[in-house]
Amino acid sequence: MHLPTLLLTTATTLLSLSSAKIIIGNLHLGGETYTVAWNPDDNPCDTAKVLGKDPANPCGVKFDVKDYSAATLEGCGGPLWINTDGHFRHNCRFDQKFVPTFCANPGGGFGLDQVFRIHQGYVCE
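Numbering (mature numbering (1 follows the signal peptide of the UniProt record, and there is no 0)), first residue to last: -20 to -1, 1 to 105.
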């Protein structure tokens, strides 16, 4: 049985998202691109976790986001999915949003005092 999810639209992401998801996207900073993951209930500027610098393979890199610990992105080169603690959790679907989120002075995972942008690529639910 699935509980109804609460849809949340935030001004920072301009996306409709639910709490049972992980978002995989890209962070663009100073000409570099990084693969990142975050829980859509949180502001990605503060909480997105870096899985790797492109073109490095982000699959198999452990990350923690709200409600998920020891999560990994799997299936690079084909259909993507999320494992947590080594067990299947979610399939991912391509859902690219080109409306970027611009971040400045994030307090979370990056420790950067620069302006950068993040956009969504996949939704894992």
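Note that beta-carbon positions come from the ideal geometry of N, C-alpha and C, so glycine has one too. Remember, predicted model here, so these are calculated numbers, not experimental data.
Alpha carbon to alpha carbon, how far is residue j from residue i? Give it in angstroms, no decimals.
i: Asp26; j: Phe82; result: 11 angstroms
i: Trp61; j: Phe68; result: 8 angstroms
i: Ala51; j: Gly66; result: 8 angstroms
i: Ser49; j: Leu9; result: 26 angstroms
i: Glu12; j: Ala84; result: 16 angstroms
i: Phe102; j: Gly58; result: Note that residue 102 is Tyr in the sequence shown, not Phe. Using only the alpha carbons, I get a separation of about 13 angstroms.
i: Arg97; j: Cys104; result: 21 angstroms
i: Asp22; j: Asp34; result: 24 angstroms
i: Leu31; j: Pro24; result: 14 angstroms
Figure out for me which residue from the options has the closest Cα to the Cα of residue i.
i: Val16; options: Leu9, Ile4 and Asp22; result: Ile4
i: Cys39; options: Asp22, Phe96 and Thr64; result: Thr64
i: His99; options: Ala84, Glu105 and Gln76; result: Gln76
i: Pro20; options: Arg97, Phe96, Ile2 and Glu105; result: Ile2
Can you list, in chain order, the residues of its chain whose CB lies under 8 angstroms from that of residue i, leaving out five sequence neighbours each side?
i: Asn37; result: Cys56
i: Lys29; result: Val16, Ala17, Trp18, Phe43, Asp44, Val45 and Gly89
i: Glu54; result: Cys39, Gly40, Leu60, Trp61, Ile62 and Asn63
i: Asn6; result: Thr13, Tyr14, Thr15, Val16, Asp34, Ile98, His99 and Gly101
Query raised in the report: So, do the region 30 to 44 and the region 65 to 72 have three or more beta carbon pairs nearer to each other than 8 angstroms?
Result: no
**Report entry** Within the region 34 to 65, ranges of the beta strand (DSSP E) (whole runs, at least 3 residues)
**Finding:** 43 to 45, 48 to 54 and 61 to 64
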